[in-house]
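Here is the structure we will look at.
Numbering (this note's numbering), first residue to last: 3 to 292.
Here you go:
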């Protein structure tokens with residue numbers, strides 16, 4: 003094999019590898035943003051689920067009446083969970099926090115029974131909580147009920163703002179990614195424009211010429227997607243070791259969905275970019291190629 007052929011093969015191999023690496027890096031960015039989006043929604047739901055409507059019972063509230071109210075709240079379509087804290091349990095918790103038995107000092111337990119109500123994420127809004135608050139306030143056994151309105155408003159406002167920013171950034175990144183992959187493939191095909199034109203001049207049909215290039219483009223996209231997914235998994239689990247709290251928001255299904263989307267985008271964008279790039283050289287006049 004001549005030195006010229008060796009150099010040509012080496013250049014083609016380098017071009018193929020650089021194309022795959024470029025595609026994988028772009029897809030890795032898309033995948034990272036996808037994981038961020040899905041976890042942002044999960045984190046948003048987690049925060050909303052922990053907004054508590056606290057219902058304080060009267061001193062003379064009967065145990066059966068409290069249990070009945072708890073059952074009614076649990077049957078509400080908006081409610082996620084209801085936690086009943088008895089006077090004794092509340093006293094034990096406060097004793098642990100204070101480090102001493104305050105009931106022996108006072109001579110009695112001044113704490114009241116409490117119901118802590120958490121709503122489903124989709125209903126954790128100020129309007130819904132106020133409606134539920136007004137409903138339970140009408141019960142004769144309820145002394146008062148409250149929730150942190152300022153905190154809830156701040157959460158909802160920040161979640162909306164962050165979601166809009168991430169969505170806008172996702173759309174911009176998606177178009178940039180498509181353009182980068184498209185340009186990368188066009189550059190890799192530029193060196194083969196003479197081969198494409200020669201095949202056309204000897205009578206090969208457009209489909210016959212396009213097919214091997216498109217298959218190669220799809221394989222480049224697939225390889226790039228596989229590398230991107232490997233980087234995504236490694237980065238995700240490395241992040242877990244550095245930020246243990248992220249384990250609480252881990253959802254293998256979400257990661258699997260993102261990886262599947264990365265593979266689809268890699269194949270689709272690479273295949274379509276190759277198709278249009280080959281068509282461009284097929285349409286060009288011979289004198290314009292040089």
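Built from N, CA and C at the ideal position, the CB exists for glycine as well.
Since the model is a prediction, treat every value here as computed from it, not as a measurement.
Asked                                                                                                             : Found
Continuous alpha helix (DSSP H) stretch holding residue 56: start and end                                         : Note, residue 56: premise wrong, no alpha helix (DSSP H); beta strand (DSSP E) at 54-59.
Residue 83 - partner residues in DSSP beta bridges                                                                : 120
Residue 282, DSSP secondary structure in three states                                                             : helix
Residue 151 in three-state terms, based on DSSP                                                                   : helix
Within 9 Å, strictly: CB atoms of residue 23 and residue 226                                                      : yes
Residue 1 classed as buried or exposed, judged by whether at least 16 other C-beta atoms fall within 10 angstroms : The shown model of the chain, from 3 to 292, leaves out residue 1, and the question about it has no answer.
Cβ-based burial, residue 234 [other Cβ within 10 Å; buried from 16]                                               : buried
Spatial distance of residue 215 from residue 46 (CA atoms)                                                        : 45 Å
Alpha helix (DSSP H) segment containing residue 235, residue limits                                               : 208-244
Proximity winner among 28, 279, 43, 36, relative to residue 160 (alpha-carbon distances)                          : 43
Nearest residue (CA-CA) to residue 266, options 21, 20, 19, 33                                                    : 33
Member of 236, 139, 30, 212 whose CA lies at the smallest distance from the CA of residue 280                     : 212
Residue 307 to residue 20 span [Cα, whole Å]                                                                      : The shown model of the chain, from 3 to 292, leaves out residue 307, and the question about it has no answer.
C-beta contact flag for residue 83 and residue 74 at 9 Å                                                          : no
Delimiting residues of the alpha helix (DSSP H) encompassing residue 129                                          : 128-139
Local conformation of residue 264 per DSSP, three classes                                                         : helix
CB-CB length for residue 37 against residue 260, believed under 8 Å                                               : 5 Å
Inter-residue Cα distance where the pair is residue 275 and residue 230                                           : 19 Å
Opening and closing residue of the alpha helix (DSSP H) in which residue 70 lies                                  : 65-76
Proximity test, Cβ basis, 9 Å: residue 85 and chain C                                                             : Structure shown: chain C not included; a single protein chain is present.
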